[in-house]
Amino acid sequence: MSIIKELEKDIKDIVISAGYDVEKVFLEPSNRRDLGEYQLNDAMQLVRTYHKNPRDIANDIVSKMEEDSRFTNINIAGPGFINFSLSDEFTYNFLNKIDEDINNNIDKKESKKVIIDYGGANVAKALHVGHLRSANIGEALKRLALLLGYDALGDAHLGDYGRPLGLVLREIKERYPDLEYFNEDYSGDYSEIELPITNKDLEEIYPLASNKAKESEEYLEDAREITTKIQKHEKGYYDLWKKVVEISKDDIKKNYEDLNVSFEIWNGESDEMEYFDQLLQIYEEKDLLKDSEGARVVEVVKEGDKAPMPPLLFLRSNGSASYETTDLAAILERKINFDPDEMWYVVDGRQALHFEQTFRAARLAKLVEDDVVMEHVGFGTMNGKDGKPFKTRDGGVMSLKTLMKLVYDETYKKITNESIDEEEKKEVAKMVAVAALKYADLLPYRGTDYIFEIEKFADLEGKTGPYLLYSTIRMKSLLNKAQEFDAKKITKLKNNLEKDIALTILDLPNVLDRSIEAKSLNEIAEYLYKLTSNYNSFYAENRVVTEEDEDLRNSWIVLTRVVYKINMLLLDVLGIKVPEKM
Ligand code: ARG
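Quick look at the structure:
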């Protein structure tokens, strides 16, 4: 158990031993430090149960607390608030314990298997800003879950199924009608055919084909037919489709890698749809499919629904499966192959209805046991200064690459360290750009929209990724310089600046708990800023390495080391890499 949790439990026991029953004691550093480092409000709350004067209750608790040497400066304020601080001895001890092993400041959770779906990039289409948020939040949640002891797996769940690919192939046919893929009589090996198409071509082909289909019914019909051929694994078309997916997937992987995002499972919707026949059978056996103007739907409305709940479209009248059906197939596939306890979908909040319908339909068919959690972890949009979802200057969807370039150009300007040569500078600017973007993306509660403000995100001052990187690198360089002293333990600290750091360190397990509970990284992002700026205030006041009092110097070095370790740990949770220098 972490130190803060142990402390909370012990104080709870103290309150109980004083004769009052409490369920839980929460400790949070007080913002009235003049009164004490923590404030207990329990006496006030106990009044209702015990019908006693709150000051009397507080007195009973305080006299018990006074027997415990970990607490100092215990006093009662106002009608019955108990204030207290932590003794120096105890403070040094817990800091040393955390320095010894950072796990002493982390509470592992009961292990469970979680599949986190946070990819969703679409094959043959450029990744856009929405995919960025899925990737950032999902990757960080996965890392947090792993840190807390869950067995967490990321699933890329690529969009490789359905009409868009039919359109792309239709356009390829237009451009290269003589390709053997379109030759029904071809009997050779498709893998020997050179496809004169790159990922760049694909990104240009899709929007073009989609526009053409809007103008020509015939073109659209062709694309529909091709889509069906792909889905039926028809020779030629299916092989070309596989090739296109391959080209695109390589690029998608590269995109995610650049963001320091990775997946354990690289399934696409088409892989999930391999389970369609099994899925259909389940729904048919349970008589859950209703006819609706030629289509087959699942009624998912429930008694008491306040908002309209349209039926889930299972099969269109032309026999093709919907987006909802691909997600139902994915649930079945995951159940069969992984049997997870929970499935989290880190997807744009605007898809809430889609997931509500899908989860309800999955429950009706009992695709998973009732206690398996399926949760849409929705997020808000990244907006432009006009408050609308961020677009390119001409109003188009902002691709991830364009966005990254914007940020990179800004962070490149910030790297002024002369000991970095041009090649390295580019690498560093890239890492700082990812940090700037990720930190800005994770800082607001995930459900809220936020505004893309590049100058602000890339600033070296304030609540930004670059500020955290810069400060963390500076801690590292201090530690390098201090190596010769071989500092081992904290035995002495000077004033409140260090105490602030210590209390913030102690608070970490509660921050992690609340973060996984809310499935949002905002508190961790805030915490990193708080710890770092606490440390920087201390750093500005003191000369650590040249301090003459040896005990103090070594204590400061160890304190720096603990802060550095926590920063590295949490930056890693956020998926942010720290360069050697910047
Ligand atoms: N490919 C979809 C899109 O770009 C996102 C997929 C989200 N994940 C899911 N399991 N439905 O909108």
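Counting with our numbering, you get residues 15 to 596 for the letters of the sequence shown. Glycine included, C-beta positions come from ideal geometry on N, C-alpha and C.
Residue i in three-state terms, based on DSSP
| i | result |
| --- | --- |
| V525 | helix |
| F499 | helix |
| Y52 | strand |
| G363 | helix |
| P325 | coil |
| W280 | coil |
| A335 | strand |
| A10 | Given a span of 15 to 596 for the chain in the structure shown, any question on residue 10 remains unanswerable. |
| K402 | coil |
| T617 | With the chain covering 15 to 596 only, the question about residue 617 has no answer from this structure. |
| N536 | helix |
| R460 | coil |
| A166 | strand |
| I504 | coil |
| Y142 | It should be pointed out that residue 142 corresponds to His in this sequence rather than to Tyr. Three-state result, H142: strand. |
| I197 | Sequence check: residue 197 is Asn here, not Ile. Residue state, collapsed to three classes: coil. |
| I342 | The question names Ile, but residue 342 is Leu in the sequence shown. Note: L342 maps to helix in three-state DSSP. |
| N118 | helix |
| P210 | coil |
| F104 | helix |
| M15 | coil |
Residue i burial status per 10 Å Cβ neighbour count (16 or more: buried)
| i | result |
| --- | --- |
| Y371 | It is Gln, not Tyr, that sits at residue 371 in the sequence shown. So Q371 counts as buried. |
| P322 | exposed |
| E271 | exposed |
| F40 | exposed |
| F369 | buried |
| E103 | exposed |
| T366 | According to the sequence shown, residue 366 is Ala rather than Thr. Exposed: under 16 other Cβ atoms inside 10 Å. |
| H171 | buried |
| T241 | buried |
| V315 | exposed |
| L254 | buried |
| S485 | buried |
CA nearest to the CA of residue i, picked from the options
| i | options | result |
| --- | --- | --- |
| G401 | H390, T425 and D463 | D463 |
| V361 | Y204, G394 and F404 | G394 |
| I28 | V421, F85, I17 and V446 | F85 |
| R8 | P93, F466, A447 and T63 | Outside the shown range of the chain (15 to 596) lies residue 8, about which nothing can therefore be said. |
| N332 | R177, L193 and G363 | R177 |
| R528 | I571, Y459, S551 and G476 | Y459 |
| I219 | D521, A376 and I186 | I186 |
| P210 | D192, S336, S201 and D102 | D192 |
| I207 | D165, G250, V39 and D514 | G250 |
| N274 | I296, E307, L146 and Q245 | L146 |
| Y132 | G173, N431 and A309 | G173 |
| E124 | Q53, D165, I266 and Y200 | D165 |
| I279 | I17, G476, G134 and K19 | G134 |
| Y175 | V525, K243, Y195 and S201 | K243 |
| T406 | D35, V76, H142 and T486 | H142 |
| N150 | R310, E338, K78 and A450 | A450 |
| A496 | L573, L482, Y453 and L483 | L573 |
| E307 | F328, G318, E299 and L566 | F328 |
| V598 | L482, L566 and I580 | Nothing can be reported for residue 598, as the shown portion of the chain is limited to 15 through 596. |
| E512 | W570, G202 and E561 | W570 |
Heavy atom of the ligand ARG within 7 Å of residue i beta-carbon
| i | result |
| --- | --- |
| H390 | no |
| G173 | yes |
| Y359 | yes |
| D131 | yes |
| N150 | no |
| N136 | yes |
| A344 | yes |
| D301 | no |
| D341 | yes |
Own chain partners of residue i with C-beta closer than 6 Å, once the 5 adjacent residues on each side are dropped
| i | result |
| --- | --- |
| M388 | M357 and F373 |
| K263 | none |
| N110 | K503 and I504 |
| L49 | A91 and N97 |
| G479 | A449, A450 and Y453 |
| S413 | A140 and H142 |
Contacting residues, own chain, Cβ-Cβ under 7 Å from residue i (five flanking each side not counted)
| i | result |
| --- | --- |
| V587 | A154, R157, L158, L161 and I538 |
| K38 | K26 |
| A443 | Y422, T425, Y426 and I429 |
| D514 | N548 |
| N87 | G50, F98 and S99 |
| R330 | A309 and S336 |
Own chain partners of residue i with C-beta closer than 8 Å, once the 5 adjacent residues on each side are dropped
| i | result |
| --- | --- |
| N397 | P403, F404, D463, Y464, I465 and F466 |
Interface flag, residue i vs chain C, CB-CB below 8 Å
| i | result |
| --- | --- |
| T560 | Going by chain labels, chain C is absent from the structure shown, which holds only one protein chain. |
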